[in-house]
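Okay, so here's the structure we're looking at.
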Amino acid sequence: MRQRAKSMKRVFVVGVGMTKFVKPGKPDPNYPELASEAVTAALADAGIGYPDIEQTCVGYVHADSTAGQRAVYELGMTGIPVLNLNNNCASGSSALFYARQLVAGNLADCVLALGFEKMLGGSLGTPAHPQATNPVEKFMAAAAKLREPTGGPVVLEMFRAAGLDHMERYGTTAEQFAKVAEKNHRHSAANPNAQFQDVYSLEEILSSPLVCDPLTKLQCSPTSDGSAAAVVVSEEFVERHGLADQAVEIVGQALATDTEDAYDNAFTIVGAGVSKRAARQAYEQAQLGPDDIDVIELHDCFSINEILTYEALGLCGEGEGGALVDAGETTHGGAWVVNPSGGLISKGHPLGATGLAQCAELSWQLRGKADARQVENARVGLAHNLGLGSAGVVTIYRKAAA
């Protein structure tokens, strides 16, 4: 595998775009219009047209089988291959992963990665096809053995169990979880694409309605509508189109799934092992480590998962995530700025769009185009996107001209 990786071509993101993430409920715009807006912005950013795209990879969860084709047909019916991908909440990053592989493997010079979601309001419920086996049923059963279910939404129950275990094992506090949400809501105030831009005090976070102990409402990502896209190209394409000044290189990327220990404890049930393996592989590819990273967009579906992910990414030791938040190391002025966009908690979480929205944010950060959110001297960025059941994608970016 390592031998093969050495022969792969360099891959760059040269154009990104996204819609504002919004609360579901309105029939319009629907996913074709949302996707068209994001792709149009990404193409304009790259200075190319849709006919330049050779293949398209599309990530989404709640839409029918050829929704990717329906979405890009708004841009043009050019006859190119369109690959539809569903990897739960990691669908957007999975689309990016396959787009990168096409370019790295010399199968295409210019590929579009697109993610979108048109969601129902409220908590995520039963599968779209109730008669089919639920893909996370074994994870649900394992979580139920660890903690008596409270009757809440299934995904929330699983992360609740992980949070309570973290508190009991390591002394992590409800206040430390709430500090994650306080930080991310504060960051989102500078993001015009965020679903929420309100700033809350720590007290307001803690006193918001209790959803599932220890989580309050303001520590949970909302359902959202939205789309994001990225233009992924070869080094030759960058040179041919004079895009070096805005090109961001993908220097490491891994998509990991579960191993036999997936049901062993509350942390592996919610993907901590998957995240750790993906991070390790991405660091190895990039020949970089946690201390080399400046800015991070990670999958804070719940505040609990941000703390678990600090540890999976190697930002701190096992059980030390709460102390990292207390020390202010994950906001401006700290060792890393984590979720300058506001993260899933505040920016929003349209499932298929999330990973590509992370790509957009990190591209803007590394290009120095993030406006009031800009992380000072950002040179290397990391994205972490997780889908239960499980798929974890970690991508490391570096400014090409840096």
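The numbering of the sequence shown is our numbering, which starts it at 1490 and goes up by one.
The C-beta atom is built at its ideal place from N, Cα and C for all residues, glycine as well.
- For Q1558, same chain residues with a beta-carbon under 6 Å away, outside a window of 5 residues either side, are V1571 in chain order.
- In this structure, A1651 sits near I1793, with a CB-CB distance shorter than 9 Å.
- Cβ contact annotation for G1878 (same chain, cutoff 6 Å, sequence separation greater than five): N1577, P1624, V1625, in chain order.
- Shortest Cα-Cα distance from V1511 to any of T1843, A1859, G1837 involves G1837.
- Taking L1645 as the centre and dropping the five residues before and after it, the same chain places the C-beta of S1612, V1700, C1701, L1704, C1709, F1791 closer than 8 Å to its C-beta, in chain order.
- Runs of the beta strand (DSSP E) spanning 3 or more residues and lying entirely within the stretch 1782-1823 occur at 1784-1786, in chain order.
- Here the stretch 1878-1889 makes contact with the stretch 1762-1769; the two share three or more CB pairs at distances below 8 Å.
- Taken through DSSP and simplified to helix, strand or coil, I1834 comes out as helix.
- In the three-state scheme derived from DSSP, where H, G and I count as helix and E and B as strand, A1733 is classed as coil.
- Looking only at P1839, V1864, L1840, the smallest Cα-Cα distance to E1850 is reached by V1864.
- Taking T1661 as the centre and dropping the five residues before and after it, the same chain places the C-beta of H1655, G1811 closer than 6 Å to its C-beta, in chain order.
- Classified as exposed, K1634 has fewer than 16 neighbouring CB atoms from the shown chains inside 10 Å of its CB.
- For E1738, the three-state secondary structure derived from DSSP is strand.
- Within its own chain, the residues whose Cβ lies closer than 7 Å to the Cβ of V1643, once the five positions on either side in sequence are excluded, are M1629, listed in chain order.
- DSSP assignment within the stretch 1670-1746 yields the following whole beta strand (DSSP E) runs of 3 residues or more, N-terminal first: 1699-1701, 1715-1723, 1737-1745.
- If you keep only unbroken beta strand (DSSP E) runs of at least 3 residues inside the stretch 1548-1618, you get 1571-1574, 1599-1606.
- Straight-line spacing of the CA atoms in E1773 and T1508 works out to 33 Å.
- Unbroken alpha helix (DSSP H) stretches of 4 residues or longer found wholly inside the stretch 1616-1662: 1626-1635, 1643-1659, given in chain order.
- With contacts defined as CB atoms closer than 9 Å, I1834 and A1663 fail to qualify as a contacting pair.
- Annotation for V1759: M1647, F1648, A1651 place their beta carbon closer than 6 Å to its own, counting only its chain and skipping 5 residues before and after.
- Distance from A1584 to L1564 at the Cβ level is roughly 16 Å; contact not present, criterion being Cβ atoms closer than 8 Å.
- Nearest neighbour of E1724 by Cα position, chosen from Y1752, T1567, H1551, D1598, turns out to be D1598.
- Taking 9 Å as the cut-off, the Cβ atoms of V1827 and E1786 count as close.
- Apart from the 5 residues on each side of it in sequence, G1841 sits with its Cβ closer than 7 Å to the Cβ of G1548, Y1549, V1550, S1580, G1581, G1604, F1605, E1606 in its chain, given in chain order.
- The stretch 1742-1758 and the stretch 1529-1541 do not touch, with fewer than three beta-carbon pairs separated by less than 8 Å.
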